[in-house]
Amino acid sequence: MSEAPFSRRLLTVTGMEELGAYRVLRVVDAGTPEPDPGQFAMLAAAERWGGGEDERPYLPRAFSIARRDGDESHFLLEDVGPGTRRLCELRSGEQVWALGPLGRGFAPPTEGRRPILAGGGAGIAPLAILQDALGAKASALLGFRDRDRAAGASLLRDARVATDDGSVGHRGPLTDLLAADLERDAHALVYACGPAPMLEAVRAMCASLAVPAQLALEAPMACGFGACFGCAVARRGGGYLRVCVEGPVIDADELDHVDPHAGAPA
Amino acid sequence: MSVAFCGLELAHRVINGSGTFDVIAARKAFGPALEAEFPFAAYVSKTITREPRAGNAPPRLWETPAGLINSIGLPNKGLEAYLAEDLPRLAGLRTRAPCSGGADVAGAAAAAERTWPAPLITNVMGSTAEEFATLVEACARHEEIAALELNVSCPNVRTGLDIGADPRQLERVVAHLRPRTRKPLIVKLTPNTADVAACAEAAQAGGADAVSLINTLRAMALARPAAGCRGSAWLGGGTGGLSGPAVRAVALAQVAAVAGRVTIPVIGMGGVQSAAHAREMIDAGAALVAVGTATFRDPVAAAQIAHGLAE
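Chains L and G, in that order, are what the protein sequence lines are.
Its first residue numbered 1, the first sequence is counted upward by one per residue in the working numbering.
Its first residue numbered 267, the second sequence is counted upward by one per residue in the working numbering.
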């Protein structure tokens, strides 16, 4: 696990690329540890962080690191609230506060298992950096609501796509693609990230087929480093896990279900 | 230039609010830098209870205009495991004195190299005086613990009233605990009461060495309802506590009111996120200033505030 510098730092925006409904934020982040795939950072705009809808945002927002390219870190954004909206407005030359890399990322495949990347919506972000690390051997299966969001699939290479409305690729849930892939060869390890209902469907399917899965979870989070105890998710056998320090990547075996409340202040 | 507080010698005036920094988790996230750059002049643990607690069902957080409502529910591993497992990992923390911007550059540099112990203040909560007594007596036996902070924002099981919201009850509880330890007793006052200064006086009369305030303000958020339905509580715990810049003006008024009525030192907190805010708390009568929610935005916010205060 890569450790984060013990302070937030100011990073300069080098690009903001439109990807259908999403944006890819690029920042220069030189001299900090290489993140493990699945690790995340807390981001806040350096200027005008606050005073948006409902006089928010106040807290930084957690984002998976989607890619590292030399000294640049990439993040996938979707405008879903005052925090993400402000970040989407950033232009080259402006600055963001960043803290990270944080949390526990994906563990490498074992027992010769074939990696499958299963992502939904903006949750595809950590699977891009994971695909970079794993190389061509991983199948990428991505689910989106509609055509505008399916444009996000270009973040990964050679992805098979499902959309809820059938506008791109298979019409239906991502788990249709996953079921077919696992039917072909179940000696696999599933890496999944996406909205809670999708993750729960992936978890249940993998559990029923005895396929191991690592789930990158999302939860409302104030700090990202274990201080606030806000990002708790119920652990199998009682008690809670902190998504920021025990996760964000959690072995599916550690959960009875993926909490439907999972979802961050946006 | 150290700061004296209840017999402790501190590097500066800025500490953490209970439950807003986890040294053990931060060590995992930040590695050795956590020890080298430890931001707080003393470290206040999260609340420890006699029995383990899992905490409240999620969701536990709600962002408000310039603030945060939390409903965490005091998750902790219980007294026995805290003493056995956590205490060794929380003892021996040290922090640097903030450098002042004075003319004596060499002297300032030398001061900045010097480190001071960051003593451990253990925060405990009981739902009865007897439960508190168990906690205080057990902590009294451990020299790693420099002082105790009493979280009295817990409802009395019989009356339903927060122990710390009722001056007579608060004085009785503090007086019950006073003979059980020679360590300083700090009473963390709740702002959710009719007269916080009367509660502070009661804590002092019971034998407290200091008071700290404000704890969070009771607050609520409603989930956005489906069409045609009424909104219901968003937080798993129903209500929670509001913190952050949204509460700073309230905190300042309560700190000033308390400092005007007691002779024991006051730890002021509530929405402090700059040296100017900390200076206001001190001007209002605080001996130390605690930082909480600002740490969530930047883990070394407290060190920067301490540095700013020294200038």
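Where a beta carbon is used, it is the ideal one built from N, C-alpha and C, also for glycine.
Check your understanding: Would a check of beta-carbon distances place L/S7 closer than 7 angstroms to chain G?
Key -> yes
Point to revise | For G/K294, the first and last residue of its enclosing alpha helix (DSSP H) | key: 289-296
Practice item. Kindly indicate which three-state DSSP category G/Y348 falls into: helix, strand or coil? Key: helix
Review point. Under the three-state reduction of DSSP, which class applies to L/G100: helix, strand or coil?
Key: strand
Check your understanding: Since G/I335 is in the beta strand (DSSP E), which residue starts that stretch and which ends it?
Key -> 333-336
Check your understanding: Are the beta-carbon atoms of G/I411 and G/V310 separated by less than 7 angstroms?
Key -> no
Review point. Chain G partners of L/L59, CB-CB under 8 angstroms?
Key: Within chain G, the residues near L/L59 are E329, L334, F562, R563.
Review point. Checking contacts by CB at 7 angstroms: is G/G506 closer than that to chain L?
Key: no
**Study point:** Per-residue DSSP class, three states only, for L/G120
**Key:** strand
Practice item. Compare the C-alpha of L/A30 against each of L/Q39, L/R9, L/A46 and name the closest. Key: L/R9
Exercise for review: Mind the definition here: the stretch 341-352 of chain G touches the stretch 421-431 of chain G only if three or more C-beta pairs lie below 8 angstroms; say whether that holds.
Suggested key: no
Review point. For the candidate residues L/G20, L/E34, L/T12, whose alpha-carbon lies nearest to that of L/V27?
Key: Minimum Cα distance to L/V27 is reached at L/T12.
Review point. What did DSSP end up calling G/V521 once you bin it into helix, strand or coil?
Key: helix
**Study point:** At least three beta-carbon pairs within less than 8 angstroms, the stretch 42-56 of chain L to the stretch 108-127 of chain L
**Key:** no
Check your understanding: When burial is assigned at 16 or more other CB atoms within 10 Å of the CB, is G/D461 buried or exposed?
Key -> So G/D461 counts as exposed.
Review point. Whole-angstrom Cβ separation of G/I452 and G/V477, contact assumed at under 8 angstroms?
Key: 7 angstroms
Check your understanding: How many angstroms separate the CA atom of L/L215 from the CA atom of L/R203?
Key -> 8 angstroms
Check your understanding: Between which two residues does the beta strand (DSSP E) carrying L/E144 extend?
Key -> The question names Glu, but residue 144 of chain L is Phe in the sequence shown. From DSSP, the beta strand (DSSP E) with L/F144 extends over 139-144.
Practice item. Can you give me the Cβ contacts of G/P305 inside the same chain, cut-off strictly under 6 angstroms, excluding the 5 residues immediately before and after it? Key: V566, A568, A569
Practice item. Show which residues of chain L have a CB atom less than 7 angstroms away from the CB atom of G/I314. Key: Within 7 angstroms Cβ-Cβ: nothing; G/I314 doesn't reach chain L, min ~14 angstroms.
Check your understanding: Nearest chain G C-beta to L/L102 closer than 7 angstroms, yes or no?
Key -> So yes, L/L102 belongs to the interface.
Practice item. For chain L, find out if any of its Cβ atoms is closer than 7 angstroms to the Cβ of G/G297; answer yes or no. Key: yes
**Study point:** Residue-chain proximity (L/A222, chain G), Cβ-Cβ < 7 angstroms
**Key:** yes
Review point. Which chain G residues are close to L/G238, counting only those with a beta carbon under 8 angstroms from its beta carbon?
Key: A320
Exercise for review: To the nearest angstrom, report how far apart G/D497 and G/A487 are at their CA atoms.
Suggested key: With the sequence shown as reference, residue 497 of chain G is identified as Gly, and Asp is not the correct amino acid for it. When rounded, the separation of the alpha-carbon atoms in G/G497 and G/A487 is 9 angstroms.
Check your understanding: Residues in its own chain within less than 8 angstroms of G/R514 by CB, not counting five upstream and five downstream?
Key -> The answer, listed in chain order, is G536, G537, V538, H543.
Practice item. Consider the Cβ of G/T400: report whether some Cβ of chain L lies at a distance smaller than 7 angstroms. Key: no
Review point. Where does G/C495 land, buried or exposed, given buried means 16+ other C-beta within 10 angstroms?
Key: exposed
Exercise for review: Determine the extent of the beta strand (DSSP E) in which L/Q214 is found, giving its start and end residues.
Suggested key: 213-216
Point to revise | Proximal residues, the stretch 273-307 of chain G versus chain L, C-beta separation under 7 angstroms | key: T286, F287, D288, A291, A292, K294, A295, F296, G297, A299, L300, E303
Practice item. Can you say whether G/P491 is buried or exposed, counting buried as having 16 or more other CB atoms within 10 angstroms of its CB? Key: exposed
Exercise for review: Using the Cα positions of G/D432 and G/V280, report the straight-line distance between them to the nearest angstrom.
Suggested key: Here the alpha carbon of G/D432 sits roughly 29 angstroms from the alpha carbon of G/V280.
Check your understanding: Can you list, in chain order, the residues of its chain whose CB lies under 8 angstroms from that of L/D176, leaving out five sequence neighbours each side?
Key -> Once the five neighbours on either side are set aside, the close Cβ partners of L/D176 are A162, H170.
Check your understanding: Taking DSSP as the reference, what is the three-state secondary structure of L/Q95?
Key -> DSSP, reduced to helix, strand and coil, places L/Q95 within a strand of the structure shown.
Check your understanding: Is the shortest distance between the beta-carbon of L/R56 and the beta-carbons of chain G less than 7 angstroms?
Key -> yes
**Study point:** DSSP-derived helix/strand/coil call for L/D29
**Key:** In the three-state reduction of the DSSP assignment, L/D29 falls in the coil class, being assigned neither a helical nor a strand state.
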